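Colleague:
Residue numbers (the UniProt record's numbering): 1 to 319.
This is the structure in structure tokens:
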């Protein structure tokens, strides 16, 4: 019941002395306690005390200046236009979904998830944000922060893939553990990680929504980077659909296979011709070599009994 009582309260709930500081400031400014300059309730000065053991899994209003950025944030780029739109929404309607933070001491908090909301709130001039307080230790903060952010739907595929990669490298998770933690199939995690094998310019195209995940999956199966680039350019210039891209990849793969088969066959034929020529010169008669699936045959022609005796004599003298 205590957690419900402090839902949406300010830092005075977390630190009783914070209320005293706020109260002094307000008295000096002629502001009525519990009211801001606008006359609205000053939640940071609510005066509701929270026992230390109850200072987690609750929502408090925290000054944005007391929140430091999340060093494990998987999102590296923030769309300026969307940030402005979100800032306008927060300014007009407030923040509906609290950010998630952990307490790190001295009235300071570290962001776990919600950096886009935090940035937008700062742009909107919001001084306090509702924050869900989680108890997360230093060892788990990497995995918790990454998982919390990866599970958001607004990350692009490359950001998700990089998040998975960091869980593997920094949190030392196996792909199976990553899949279990984020609630995905192992094959899904493996396929997302394969995106990072694509050339940087294709990753950028996927991140910037120039191509879709379907296009990227098709390009992953192309081994040669030059071939990947050629098909990627067709997607961009000719507006290839995913199906058209898959057909282009299939045609290229078949062409490569035929070419390699033909090249291999040509090499084999050249080798057999060289051997047959050497045998013909050695035996002074016509020799044919025929390759089969499992082995082959050598045909030596003779035109008389005397010719056969001569050949037998040659073979008998081979030591």
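Ideal Cβ positions, reconstructed from N, Cα and C, are used throughout, including at glycine.
All values derive from a computational prediction rather than experimental measurement.
1) In angstroms, rounded to a whole number, what distance separates the CA positions of residue 208 and residue 155?
2) Could you spell out the range, first to last residue, of the beta strand (DSSP E) harbouring residue 100?
3) What does a CB cutoff of less than 6 Å around residue 31 pick up in its chain, not counting 5 residues either side in sequence?
4) Are the CB atoms of residue 297 and residue 290 nearer to each other than 9 Å?
5) To which residues does DSSP link residue 59 through a beta bridge?
6) With a cut-off of 8 Å on the beta carbons, I'd call residue 189 and residue 164 a contact; round off their distance for me.
7) Hey, how far is the Cα of residue 83 from the Cα of residue 119?
8) Three-state secondary structure (DSSP) at residue 300?
9) Using the three-state DSSP reduction, which class does residue 242 fall into: helix, strand or coil?
10) If we ignore side chains and look at the alpha-carbon of each, how far apart do residue 171 and residue 110 end up?
11) Put residue 284 into one of helix, strand or coil per three-state DSSP.
12) DSSP three-state label for residue 67, please.
13) By how many angstroms is the C-alpha of residue 294 removed from the C-alpha of residue 309?
14) Which residues does DSSP pair with residue 89 in a beta bridge?
15) Could you work out which residue in 102, 211, 249 is closest to residue 57 when comparing CA atoms only?
16) Considering Cα atoms alone, identify which of 281, 79, 228 is closest to residue 197.
17) What residue does the beta strand (DSSP E) around residue 311 start on, and which one ends it?
18) Taking just the CA atoms, how far does residue 100 sit from residue 176?
19) For residue 110, which of helix, strand or coil comes out of DSSP?
20) What is the DSSP secondary structure of residue 96, counted as helix, strand or coil?
21) Taking 9 Å as the CB-CB cut-off, is residue 197 touching chain D?
22) Give me the residue from 124, 157, 173 with the minimum Cα distance to residue 144.
23) In whole angstroms, give me the CA-to-CA distance for residue 272 and residue 315.
24) Mind checking which residues open and close the alpha helix (DSSP H) that includes residue 176?
25) So is residue 203 buried or exposed if we call it buried at 16+ other beta carbons inside 10 Å?
26) Runs of 4 residues minimum, wholly inside the region 159 to 232: which ones carry the alpha helix (DSSP H) assignment?
27) The alpha helix (DSSP H) with residue 121 in it runs from where to where?
Modeller: To lay it out plainly:
1) In the chain shown, the residue the question calls residue 208 occupies position 208. In the chain shown, the residue the question calls residue 155 occupies position 155. C-alpha separation (whole angstroms): 11 Å.
2) Here residue 100 refers to the residue found at position 100 of the chain shown. Residues 99 to 105.
3) Position 31 of the chain shown, counted from the start, is the residue given in the question as residue 31. Here residue 31 scores only 32 on pLDDT, less than 50, and its place in the model is too uncertain to base an answer on.
4) Residue numbering aside, residue 297 sits at position 297 when the chain shown is read from its first letter. Residue numbering aside, residue 290 sits at position 290 when the chain shown is read from its first letter. In this structure, residue 290 lies closer than 9 Å to residue 297 by Cβ.
5) Within the chain shown, numbered from 1, the residue matching residue 59 stands at position 59. Residue 59 is bridged to 132.
6) Sequence index remark: in the chain shown, residue 189 carries index 189 (1-based). Sequence index remark: in the chain shown, residue 164 carries index 164 (1-based). Yes, they are in contact, since the Cβ atoms of residue 189 and residue 164 sit about 6 Å apart, within 8 Å.
7) Working through the chain shown from its first residue, we reach residue 83 at position 83. Working through the chain shown from its first residue, we reach residue 119 at position 119. Computed Cα separation, rounded: 8 Å.
8) Here residue 300 refers to the residue found at position 300 when the chain shown is read from its first residue. Here residue 300 sits in strand by DSSP.
9) Indexing the chain shown from 1 puts residue 242 at position 242. Correct three-state label for residue 242: helix.
10) Here residue 171 refers to the residue found at position 171 when the chain shown is read from its first residue. Here residue 110 refers to the residue found at position 110 when the chain shown is read from its first residue. Cα to Cα, residue 171 sits roughly 19 Å from residue 110.
11) For this step, residue 284 is matched to residue 284 along the chain shown. DSSP places residue 284 in coil when its eight states are reduced to three.
12) Taking the chain shown and counting its residues from 1, one reaches residue 67 at position 67. Three-state result, residue 67: strand.
13) The residue you call residue 309 lines up with position 309 of the chain shown. The residue you call residue 294 lines up with position 294 of the chain shown. Rounded to the nearest angstrom, the two C-alpha atoms are 31 Å apart.
14) Indexing the chain shown from 1 puts residue 89 at position 89. Residue 89 pairs with nothing; no bridge assigned.
15) On the chain shown, position 57 is the one that residue 57 refers to. Of 102, 211, 249, the residue nearest in Cα terms is 102.
16) By 1-based counting over the chain shown, the position of residue 197 is 197. Considering only alpha carbons, the answer is 228.
17) Within the chain shown, the letter at position 311 stands for residue 311. Not the beta strand (DSSP E): residue 311 falls in the alpha helix (DSSP H), residues 305 to 316.
18) To locate residue 176, count along the chain shown from 1; it is residue 176. To locate residue 100, count along the chain shown from 1; it is residue 100. Rounded to the nearest angstrom, the two C-alpha atoms are 26 Å apart.
19) What you label residue 110 is simply residue 110 of the chain shown in a count that begins at 1. Note: residue 110 maps to strand in three-state DSSP.
20) Here residue 96 corresponds to residue number 96 of the chain shown, with the count starting at 1. In this structure, residue 96 counts as coil in the three-state DSSP scheme.
21) Protein chain content of the structure displayed is limited to a single chain, and chain D is not contained in it.
22) Translated into the one-based positions of the chain shown, residue 144 becomes position 144. Checked all of 124, 157, 173; the closest Cα to residue 144 is 173.
23) As a working note, residue 272 is residue 272 in the chain shown. As a working note, residue 315 is residue 315 in the chain shown. Answer to the nearest angstrom: the Cα atoms are 20 Å apart.
24) Counting from 1 along the chain shown, the entry for residue 176 is found at position 176. Run containing residue 176: 175 to 182, per the alpha helix (DSSP H) assignment.
25) For the purposes of this step, residue 203 is taken as residue 203 along the chain shown, with counting starting at 1. Buried.
26) 175 to 182, 186 to 194, 200 to 207, 213 to 220
27) If you number the chain shown from 1, residue 121 lands on position 121. Here the alpha helix (DSSP H) through residue 121 covers 115 to 123.
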